[in-house]
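Comments concern the structure below.
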Amino acid sequence: MKSASIDPELLRAAMRSSKLFRYLTPAEDEKILQRAQILECDKGEKIIREHDASDCLYLVVKGSVSVSVNEKNKEVYICTLGEGDVFGEAALFVNLKRTANVASTDDGTMVLRIVRSDFMLYLREEPGAGIKVLFMIIYSLITKMREANLELAFERKDDAGQDDVDALLKDYLSGKSS
35 MKSASIDPEL LRAAMRSSKL FRYLTPAEDE KILQRAQILE CDKGEKIIRE
85 HDASDCLYLV VKGSVSVSVN EKNKEVYICT LGEGDVFGEA ALFVNLKRTA
135 NVASTDDGTM VLRIVRSDFM LYLREEPGAG IKVLFMIIYS LITKMREANL
185 ELAFERKDDA GQDDVDALLK DYLSGKSS
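Positions in the sequence shown are counted from 1; adding 34 to them yields the numbering used here.
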């Protein structure tokens, strides 16, 4: 990734389309942009690596990124995020290892990166705007947690169905009839 410059109107449009920043005023946008970096990525370039420590939040400004996890030495696709989508927001609060890989899907993909220390300064300088962003981060994390819970519930439902199939096959193979 390399530092890049971008048309300010394109950057503001990406912020407006983002749930995280859409409630900020233009002046509040400008303050957070002073603390952020714009990075340009090549196709396939990893922005986040699973299990690495990081303290940055990212906003997709241009292009898209692919989210995946490593499972049994294979990369398993999770989803694609596009312009206005945010990832890595939990890193602003805790020092945990990343739970997924995030890679650019196109040459010229641009992301806005905000480092935790700069975000904390923004919160001190712009508490009203900071509260708006914090509420949206909380909403984003709750939404992701809910989606993960639904996925787990669906998997458990499938597991219960598999138990039924296993029992039926066992009964059949043993000659039992129900």
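Beta carbons: idealized from backbone N, C-alpha and C, even for Gly. For clarity, every value in this text was computed on a predicted model and none was experimentally measured.
Check	Outcome
Beta-carbon spacing of V95, E117 below 8 Å	yes
Alpha helix (DSSP H) runs wholly inside the stretch 108-140, at least 4 long, in chain order	none
Distance between beta carbons of R132 and D205, contact taken as under 8 Å	In fact, because the Cβ distance is near 46 Å, the residues do not count as touching under 8 Å.
Reduced DSSP secondary structure (H/G/I, E/B, other) of K27	An answer regarding residue 27 cannot be provided, because it is not within the stretch 35 to 212 covered by the chain.
Which of helix, strand or coil DSSP assigns to R46	helix
Span separating the alpha-carbon of G142 from that of S37	12 Å
Cβ-based neighbour list, M138, same chain, cut-off 7 Å, excluding 5 preceding and 5 following	Per the sequence shown, the amino acid found at residue 138 is Ser instead of Met. Taken in chain order, the residues that qualify are C75, D76, K77, G78, E79, I81, G97 and V99.
C-beta contact flag for L115 and V101 at 8 Å	yes
Three-state class that DSSP yields for E74 in the structure shown	strand
Proximity below 8 Å, CB of E123 to CB of E62	no
CB of V136 within 8 Å of CB of S52, strictly	no
Simplified DSSP assignment, three categories, for Y206	helix
Buried versus exposed call for A187 [16 or more other C-beta atoms within 10 Å across all chains shown]	exposed
Endpoints, the alpha helix (DSSP H) within which S157 is located	Residue 157 is actually Leu in this sequence, not Ser. Taken as a continuous stretch (DSSP letters only), the alpha helix (DSSP H) holding L157 covers R150 to E159.
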